[in-house]
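Participant:
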Amino acid sequence: MSSITPSGESVLKKLGIDTIAVKAMKRGIKRSSSRAVINWLTKYKPHPDASNLEKVKGLMEVFYHLCEINSFKQASEILFTILKTPTKEQLHNQLYTWGYYQIPLTLYRKIIYKIDSKIDAIILNNSGNAYLIMGDFTKAINNYQQSLNIAQHIGDLSLESQSLGNIGNFYKGTGNSSKALEYYQNSLRVAEKITDNQLIAGCLRSIGEAYFDLINYQQASSYLERSLKIAQEIHDDQEECQSLAGLGKIYLLQENAEQAINYYQKSLSIARKISSRHSEESALASLGSAYFLLGNNIQSVQYLEESLTIAKDISYPRGQENNLEILGAIYHRQGDYEQAMAYYQESLKIARQFQDLFWESRVLRSIAMINAIAEKYDSAIQYYEQSKEIAQQIEDYPGEEAALAYLGTLYNDLEQPLNAIECFQQSLAISEKLEDLPAQGEYLEDLGEAYYTLEDYDTALDYFQKSLIIREKIEDYQGQGEVLLNLGLTYETLQDYQARNYYEQSLAIAKKLQDPLMEFNALSSLGDFYSILDISSKAIKCYQQCLEITEKPKNSEEFANTEISSNYSEIISEFQEKIAGLERESQSNDKVLDLIPIVPDSKSILEKIGINSTQIKSIKPRSKRSQYRAVVNWLTKYETNADASSLDKVKGLLEVFFHLCEAEDWKRSKIILSIQLNTPNLEELLVQLGSWGYYSQQINCCSNLLDRLDTNTTSICLNTIGNAYNALSNFSSSLECYNRDLKITKNNNDRQSEGITWNNIGNIYLFVNDYPKAIECCQTALSLAKETNDRQNQSNTLGTLGNIYDSLGDYNKALECHKQALNISREIYDIKGEGKALCGLGCTYRNLCNYPEAIKHHKQHLEIVTIIEDIEEEANAWGNLGNVYDDLGDYHQAIYHHQRQLEIAREISSPWLEGNALANLGLAHFSLGNYKQVIQYQNQALKIAREIKDREGEGNRLGNLGLAYFSMGEYSTAIEYHSLHLKIAREIGSRRDEANALGNIGNTYYFMEEYEKALDYAKQHLLISQQLGDRRGETTAFNNLGNAYEALGNVHKAIELYRKSIEIAREIGYLTGEGEALCNLGTTISQSKQYLEAIEHLEASLAITQKTGDRYVEAITLYNLAEVYLKLKDKNNARKFAEQAWQTANELEMPDVGDYPELIDKLETNE
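Residue 97 in our numbering is what sits at position 96 of the sequence shown, and the numbering runs on without skipping anything.
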């Protein structure tokens, strides 16, 4: 017999067949079959050049003869005979390796259900493997499920683990990696029960590969490393080889090519060491794929050809198919379509020869692509349809999805958008079924492009936005950059200024990725946008940058085969013409504007107030004349340098104003305050002082003019002073001014102005947390606005009402008000009011934890204020976006946005905005656990608040400092700061701030283990929150009360309060509060040994905290979950959550971080 089979004598001995005994048998079927067995084992000699099937023909004939005499147990021994092949596999498995998938199935049918359940389960598992390879997914899953049922019935845990793993392979093969992961994890649990390290290593590797498919490379790497470690410990070379290959794939996709190739080379070395030709073939193919992705075609071809040779040697058709297809792809990429087609056709021939429908469908798609390139569109469509039909037949969902997607793209290129939409919709449905987020993002963008072609722009925008959300979620920056360009193009087509924002975001991503092609497209689009708006200087700048990029393609691989590279000279010419045309049409004013002083020239101001030197000489008395001379001197002689503060730059005008007041020239004084400055907002002096945050100067100016001119001027002054006092948190003085103004407007029967003042008063009651009065005032304002048809004040008042309901936690009413405000602003073309309404909506969506909507509205607000150059509101918009990213746990994005807020605040010299930005930066660093930086930023913000007498800001900064010291475990210092916050809150009458300070003090006493004090402060916090109708405050207070009662031993009361907190949080959609209360409830319930209910609450808390980005509570929840699982003696889950808890706590530098590794040590000890 051939050398790949054991000797005939050894097989006969294993079967227990004695040749002498056979001769003594009576004539009959048993004797003749037994003699045939002996003859096939001892006399069959295949030709040296015989096929692999001929080489094992003797064993298979023996199998059939044994089955004829019902010797099924002996027949099974033949199937399980180990061959002397390079892979040293059992006969039935070797047939798979050679690609003879149908033959083992025929053999299995002879003996299944005729020996014992264990063999049945093994056969069903192997049959499932064959069907899976052949793409018959229905039969595969049925066989795996039957095997699992038998394994569980007979209590064979090893077989159960293998069956679960195979079901996982089924779901992985059909593209449902999430489901696969679930089965792999179950398989691992069973393997761990029997401490089968070989099985455990395989399970860990499978889990790692599933995470890889789910684009969770960190988890994938972690599990593959664990698999590799076990394989090395138990000297399982085959498993080590596969784990190394899996790790190589991760490093390759993370663009660490050197490390990837290193792992593939190690895998290859082991394969050769153990003479595993199959693994050697796989490793060589992986190296070929790696070099292909790196663009090194020569090395790639070398490895693939070597892999192909081995695949042929071991008769491994799937390996041949794979290598041939990649070789085709290499020539495809090089533009040698004839050679590519030859390789694809050869791969297709093998697939059809072995009835490998899965691979046939795959190769047909590659052949279709070649036909599409050759403009043989009918043939391309035909091949794609064939691929789709085969994929549907074998239930290959990823294959069907791919064929439909390629068809959709082709129809799009052929300008058949309706056909394209039909295909993309089907692809999208499959990708949703498979939970394939990257594919969903791609198909949503494809659908957007198709609807754009149909000029259905609203639908296109909807699809683009959905695509963007998914790509942001999975951190697909390349995809984000592409879809942002499409969003920009669509908004530009709609003549919507949001286009610029999307182009700039795409540009930022392109620079981050160092993607010159995307950067070129973004700059070109921006240039066109600015050109349409006649902003020539910016358009020219963009086009010049495009030209700089086009100079690089000659030495840059990124531009290989791109339109830019192939049309190099034409593009240069096009952009040079664009630049020249713009320069002819309009010279850039940007540099000139930079040189224009803030204050208009003295001559124009003197003309405006009607003062000249001749006139001054005749003024009497002399004291008055000296005031006018001072006016002229300040206007003509006062100069500042470029680095002067904004206040210094307008000092001359302010001095003129006060000199005119001294001269009792009130009309001219008023004119000075109305001088329009050359700031980006082009605001009048008095208004600009407020924009900069110089509220004391505003108050001083207006106080001088009060009651000096007509009642209209007095009304303006009272409103300005009221607004300034409001900004400075001096609410009583603010209210006094508004009430005085209210009397004037009523006396004058000025119903429109009266409505505006009522809205201002409503704002004051909002700030002092008197919500019923605030609503009453706003309702009066709204009624007057409707009566006088003052649409702008209707919008403003609805915005105030939205803010009130937002503060009350009635977010649905808040949304309703802000949406009405937005509609009115758009109807009356009040773009500034539109921006405010969008800001209000963004804030409410943030409170609802609907972060995509919050970001969307804040970005729209930012776009509007940038276009109208409202610098102050631009800073606020950046800050609001930073707050949302902070909530999302994207702290680096939060810091970036707050830095932009700070830059603008300093650019316009607005101390109030600067303080706000510094405080926000501090809070972002707080979330990162950088408490020293928190303290640094909050102290800077505190200093500014005190300088501008912003009492509310001062209190809030003190409270933030208290939180920082609390997080550092310095509880006494935290109490000091929170107490100062409480003192200020009571002095300025801010009951909400008072409640917050009380809550923080109580929470700190809780951690100081002074539970009675904690209880007292929590009760005060609750009382004020209930008086204010502050539902969010109630949620927090009930939670803190629960903590105190739990610590005092009143567990039932604590549970009752936690449930109350959760109930309110859910009513108002306050996810952060719900997550915290659920954590506390689960932890408290676990004390009563109700572990399953505790886990339910803790897992619900974990889901919420991960959504809201509350990492502090997330760390605590993970820790508590670990403790509960430890009590349940579920060490795997305990370890998993303990490690995650320690990592999070360590990153946040939590004061009790030492408890976390102690828990892990405890786990190790218990093992």
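Every residue, glycine too, gets a C-beta built ideally from N, C-alpha and C.
Keep in mind it's a predicted model, so treat the numbers as computed, not measured.
Go ahead and label alanine 141 buried or exposed: buried means 16 or more other beta carbons lie within 10 angstroms of its beta carbon, across all protein chains shown.
Facilitator: Position 140 of the sequence shown holds residue 141. Counting of Cβ neighbours within 10 angstroms places alanine 141 among the buried residues, the total reaching 16 or more.
Participant: Specify whether the stretch 171-186 and the stretch 151-163 touch according to this definition: at least 3 beta carbon pairs, one from each stretch, less than 8 Å apart.
Facilitator: no
Participant: Between the beta-carbon of asparagine 1081 and the beta-carbon of asparagine 1051, is there less than 9 Å?
Facilitator: Along the sequence shown, one-based indexing puts residue 1081 at 1080. Along the sequence shown, one-based indexing puts residue 1051 at 1050. Not in contact: asparagine 1081 and asparagine 1051 (Cβ atoms no closer than 9 Å).
Participant: Can you have a look at glutamine 1053 and say buried or exposed, based on whether 16 or more other CB atoms are within 10 angstroms of its CB?
Facilitator: Looking up residue 1053 in the sequence shown gives position 1052. Per the sequence shown, residue 1053 should be read as histidine rather than glutamine. Exposed, because fewer than 16 other Cβ atoms sit within 10 Å of the Cβ of histidine 1053.
Participant: Helix, strand or coil for glutamate 685 per DSSP?
Facilitator: As a working mapping, residue 685 is identified with position 684 in the sequence shown. It is a strand residue.
Participant: Relative to the C-alpha of glutamine 577, which residue among Asp1131, Glu948, Thr551 and Leu54 is closest?
Facilitator: Taking the first residue of the sequence shown as 1, we reach residue 577 at position 576. Glutamine 577 has its Cα closest to that of Thr551, out of Asp1131, Glu948, Thr551 and Leu54.
Participant: Going by alpha carbons, who is nearest to tyrosine 458 out of Arg709, Asn1040 and Leu488?
Facilitator: For this step, residue 458 is matched to residue 457 along the sequence shown. The shortest CA-to-CA distance from tyrosine 458 to any of Arg709, Asn1040 and Leu488 is the one to Leu488.
Participant: Can you grab the Cα-Cα spacing for the pair isoleucine 391 / phenylalanine 359, in whole Å?
Facilitator: Taking the sequence shown and counting its residues from 1, one reaches residue 391 at position 390. Taking the sequence shown and counting its residues from 1, one reaches residue 359 at position 358. Taking the straight line joining both Cα atoms gives about 8 Å.
Participant: When burial is assigned at 16 or more other CB atoms within 10 Å of the CB, is proline 1175 buried or exposed?
Facilitator: No answer is possible for residue 1175: it lies beyond the span of the chain, which begins at 2 and ends at 1168.
Participant: For asparagine 187, which residues from the same chain have a beta carbon less than 7 Å from its beta carbon, with the 5 sequence-adjacent residues on both sides left out?
Facilitator: Stepping through the sequence shown from its first residue, residue 187 is reached at position 186. Listed in chain order, the non-local C-beta contacts of asparagine 187 below 7 Å within the same chain comprise Leu165, local neighbours out to five positions each way being set aside.
Participant: Assuming glycine 834 is part of the alpha helix (DSSP H), what are its boundary residues?
Facilitator: By one-based count along the sequence shown, residue 834 stands at place 833. Here the alpha helix (DSSP H) through glycine 834 covers 832-848.
Participant: Classify serine 283 as buried or exposed, calling it buried when 16 or more other Cβ atoms lie within 10 Å of its own Cβ.
Facilitator: Counted from its first residue, the sequence shown places residue 283 at position 282. With 16 or more Cβ atoms within 10 Å of its Cβ, serine 283 is classed as buried.
Participant: Straight-line CA distance for isoleucine 104 to leucine 96?
Facilitator: As a first step, residue 104 must be located in the sequence shown, where it is residue number 103. As a first step, residue 96 must be located in the sequence shown, where it is residue number 95. Approximately 7 Å, taken between the alpha carbons.
Participant: Check isoleucine 83 in the structure and name its three-state DSSP category.
Facilitator: Here the question's residue 83 lines up with position 82 in the sequence shown. Isoleucine 83 falls in the strand class under three-state DSSP.
Participant: So for glutamine 677, helix, strand or coil by DSSP?
Facilitator: As a working note, residue 677 is residue 676 in the sequence shown. Correct three-state label for glutamine 677: strand.
Participant: Span of the alpha helix (DSSP H) holding lysine 58?
Facilitator: In the sequence shown, residue 58 corresponds to position 57, counting from 1. Unbroken alpha helix (DSSP H) run through lysine 58: 58-69.
Participant: Once the 5 residues before and after lysine 555 are set aside, which same chain residues still bring their CB inside 7 Å of it?
Facilitator: Taking the sequence shown and counting its residues from 1, the one referred to as residue 555 is at position 554. Any reading at lysine 555 must be qualified, since the residue scores a pLDDT of 45, below 50, and its modelled position is unreliable; no value is offered.
Participant: For asparagine 372, which of Ala352, Glu396, Tyr407 and Arg353 has the nearest alpha-carbon?
Facilitator: By 1-based counting over the sequence shown, the position of residue 372 is 371. The residue with the shortest Cα to Cα distance from asparagine 372 is Tyr407.
Participant: Could you have a look at glutamine 91 and say whether DSSP puts it in helix, strand or coil?
Facilitator: Residue mapping note: residue 91 aligns to position 90 of the sequence shown, counting from 1. Reduced to three states, the DSSP call for glutamine 91 is strand.
Participant: Alpha carbon to alpha carbon, how far is isoleucine 1069 from aspartate 811?
Facilitator: Residue mapping note: residue 1069 aligns to position 1068 of the sequence shown, counting from 1. Residue mapping note: residue 811 aligns to position 810 of the sequence shown, counting from 1. Roughly 6 Å between the two C-alpha positions.
Participant: Which residue comes first and which comes last in the alpha helix (DSSP H) that contains proline 47?
Facilitator: Within the sequence shown, numbered from 1, the residue matching residue 47 stands at position 46. That residue, proline 47, is in no alpha helix (DSSP H); it is neither H nor E in DSSP.
Participant: Would you be able to state if there are at least three C-beta pairs under 8 Å between the stretch 498-507 and the stretch 881-899?
Facilitator: no
Participant: Could you compute how far the alpha carbon of tyrosine 224 sits from the alpha carbon of alanine 1015?
Facilitator: Taking the sequence shown and counting its residues from 1, the one referred to as residue 224 is at position 223. Taking the sequence shown and counting its residues from 1, the one referred to as residue 1015 is at position 1014. The alpha-carbon atoms of tyrosine 224 and alanine 1015 are separated by roughly 45 Å.
Participant: Flag this pair as yes or no: are the beta carbons of tryptophan 41 and tyrosine 317 separated by less than 9 Å?
Facilitator: Taking the first residue of the sequence shown as position 1, residue 41 is located at position 40. Taking the first residue of the sequence shown as position 1, residue 317 is located at position 316. The answer is no: Cβ separation not under 9 Å.
Participant: Work out the CA separation of isoleucine 123 and glutamine 894 for me, nearest whole Å.
Facilitator: Start at 1 with the first residue of the sequence shown, and residue 894 comes out as number 893. Start at 1 with the first residue of the sequence shown, and residue 123 comes out as number 122. Roughly 53 Å between the two C-alpha positions.
Participant: Have a look at Glu971, Arg958 and Ala965 and flag the residue whose alpha-carbon is nearest the alpha-carbon of leucine 981.
Facilitator: Position 980 of the sequence shown, counting from 1, holds the residue named residue 981. Residue nearest to leucine 981 within the set Glu971, Arg958 and Ala965 is Arg958 (criterion: CA-CA distance).
Participant: In three-state terms, what does DSSP make of threonine 6?
Facilitator: Here residue 6 corresponds to residue number 5 of the sequence shown, with the count starting at 1. Correct three-state label for threonine 6: coil.
Participant: Quick check on leucine 707: does DSSP put it in helix, strand or coil?
Facilitator: Sequence index remark: in the sequence shown, residue 707 carries index 706 (1-based). Of the three classes helix, strand and coil, the one that applies to leucine 707 here is coil, per DSSP.
Participant: Anyone know if the C-beta pair for tryptophan 693 and leucine 648 falls short of 9 Å?
Facilitator: Translated into positions along the sequence shown, residue 693 becomes position 692. Translated into positions along the sequence shown, residue 648 becomes position 647. Yes; because the gap between Cβ atoms is below 9 Å, this pair is in contact.
Participant: Could you tell me which of Ile985, Thr637 and Gln616 sits nearest to proline 601, measuring between CA atoms?
Facilitator: Taking the first residue of the sequence shown as position 1, residue 601 is located at position 600. Here the closest residue by C-alpha is Thr637.
Participant: Could you name the residues of the same chain whose beta carbon sits closer than 7 Å to that of threonine 43, not counting the 5 residues immediately before and after it, in chain order?
Facilitator: By one-based count along the sequence shown, residue 43 stands at place 42. Once the five neighbours on either side are set aside, the close Cβ partners of threonine 43 are Gly9.
Participant: On the three-state DSSP scale, how would you describe lysine 230?
Facilitator: Within the sequence shown, numbered from 1, the residue matching residue 230 stands at position 229. Residue state, collapsed to three classes: helix.
Participant: If you drop the 5 nearest sequence neighbours on each side, which residues of the same chain put their C-beta closer than 7 Å to that of alanine 1123?
Facilitator: Translated into positions along the sequence shown, residue 1123 becomes position 1122. Only Ala1135, Phe1138, Ala1139, Ala1142 and Leu1160 meet the Cβ criterion.
Participant: So what does DSSP say about arginine 363, is it helix, strand or coil?
Facilitator: Numbered from 1 along the sequence shown, position 362 holds the residue referred to as residue 363. In the structure shown, arginine 363 sits in a helix (DSSP, three-state: H, G or I).
Participant: Let me know the secondary structure DSSP gives tyrosine 102 once reduced to three states.
Facilitator: In the sequence shown, counting from the first residue as 1, residue 102 sits at position 101. Three-state DSSP puts tyrosine 102 in coil, outside helix and strand.
Participant: In whole angstroms, what separates the C-alpha of alanine 246 from that of glutamine 321?
Facilitator: Start at 1 with the first residue of the sequence shown, and residue 246 comes out as number 245. Start at 1 with the first residue of the sequence shown, and residue 321 comes out as number 320. Near 19 Å, if we compare the C-alpha coordinates of glutamine 321 and alanine 246.
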